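Following: one structure in structure tokens, then a few remarks.
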Amino acid sequence: MIKFAVLYSKKDEAGMNIAEQLKEHFLPHVPIIELSKESIFNENIDEKDERLKNMDFIIFATKHQSKEGIPSLSLHAPGNWRNADFGGKPGKVCTTSALALKFLFQKLNENAQKENYPHKITLECTHHGPLINKPCCFIEVGSNEEGWKDKKAAAIVAKTIADFQNFNPATTDKIKTAIGIGGPHYCSNFNKIQLNSKEYAISHIIPEYALPLTESLLKEAIEKTKENPDLIILDWKGCGNSESRSKVIEIIEKLGIEYERTERIEK
């Protein structure tokens, strides 16, 4: 059984609600830890808290905030491709697991359907802090105060986290792991692949707004994927202009990695 911990902030209403809902599940071996600072600013928390030393994976349960304020449930890996305006370090991302993210995203959708949750369920590209060494992800309730107070949304996220006890990467040996490049922040094409494809699992996603791609940036994504990615998946129309697209292909081929386009993958 995977050993994981759940972190939430006492400054985060959605996180507090998720933690409260987790009490409905029997999780005696899962540390559920309250943070005094906003989750995104807890740099190296995995080295500072003894309870996290032997964990295989860390889940940050938090709010999601956006200008649009659209109700949603979202999932993503943390890290910064460029600047570090919201925790972490510039050009550094956390280790994550493509297989874990796929499992959680499928469970999030499944649990939302069971509860007739009417709003958006989405992946986000890799963004914000904190920077830690343990494999991790964020699972979030968005995107304004009304959403953060939504008990049903918190319960769906809590059930998804509880389901993670059943995650077993040994049963997913036929799935190819991948880095996603291109497209918008909420990456609809990668959503469909992560949710529906039986062949691919996606870890870090580098969006169009983080391009042009650099060799160091792609190496960072590869090195911070636990499974050692099999290929790169490109949202080709979302890879910028022709010069930007050419640069993407040039770097991928230089590193000797296979690639495929989203439109060629059954989803």
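Start counting the sequence shown at 10; every next residue gets the next number (my numbering).
Each residue gets a CB set at the ideal place from its N, CA and C atoms; glycine is no exception.
In this text, all values refer to a predicted model and were calculated from it rather than measured experimentally.
Starting from A162, trace the alpha helix (DSSP H) both ways and give me its first and last residue.
Residues 160-172.
At what residue ranges does the segment 47-81 contain a whole run of the alpha helix (DSSP H), taking only runs of 4 or more?
Qualifying alpha helix (DSSP H) stretches, in chain order: 54-57.
Taking 8 Å as the threshold (beta carbon to beta carbon), is C145 in contact with chain D?
Although the question refers to chain D, the structure presented lacks it and comprises just one protein chain.
P144: which of L264, T169, S152, A107 sits nearest, CA to CA?
Ranking L264, T169, S152, A107 by Cα distance to P144 puts A107 first.
Suppose contacts are defined by Cβ-Cβ distances below 8 Å. Is L17 in contact with A70 by that definition?
According to the sequence provided, residue 17 is Tyr. The question's Leu does not apply to it. In contact: Y17 and A70 (Cβ atoms closer than 8 Å).
Measuring alpha carbon to alpha carbon, tell me which residue in K32, E232, S45 is nearest N142.
Of the listed residues, the one whose Cα sits closest to N142 is E232.
What does a CB cutoff of less than 6 Å around D172 pick up in its chain, not counting 5 residues either side in sequence?
So the list reads K116, once near-sequence residues are dropped.
In this structure, how does DSSP classify L36 when only helix, strand and coil are distinguished?
Looking at L36 - three-state DSSP - the assignment turns out to be coil, as it is neither helix nor strand.
What's the call for R91, buried or exposed, on a 16-neighbour Cβ count within 10 Å?
Exposed, because fewer than 16 other Cβ atoms sit within 10 Å of the Cβ of R91.
Please give me, in chain order, every unbroken run of the beta strand (DSSP E) with length at least 3 that falls completely inside the segment 188-260.
Listed in chain order, the complete beta strand (DSSP E) runs (minimum 3 residues) inside the segment 188-260 are 209-215, 240-243.
Could you spell out the range, first to last residue, of the alpha helix (DSSP H) harbouring E275?
Run containing E275: none; DSSP gives neither H nor E here.
Might you give, ordered along the chain, the residues of its own chain that have their beta carbon closer than 6 Å to the beta carbon of Y209, omitting 5 neighbours on each side?
Cβ within range, chain order: K185, A187, I202.
Where does Q122 land, buried or exposed, given buried means 16+ other C-beta within 10 angstroms?
With fewer than 16 other Cβ atoms within 10 Å, it is exposed.
According to DSSP, simplified to helix, strand and coil, what is I27?
Note: I27 maps to helix in three-state DSSP.
Confirm, please, whether the CB-CB distance from I266 to L240 is below 8 Å.
A contact, by the Cβ cut-off of 8 Å.
Among residues of its own chain, excluding the 5 on either side of I165, which ones have a beta-carbon nearer than 8 Å to its beta-carbon?
If we look at I165 and ignore the five residues flanking it on each side, its Cβ neighbours are L82, L117, N120, A121, E124, Y126.
May I ask whether a heavy atom of the ligand SAM can be found less than 7 Å away from the beta carbon of P178?
In the structure on display, the ligand SAM does not appear, and there are no ligands present to speak of.
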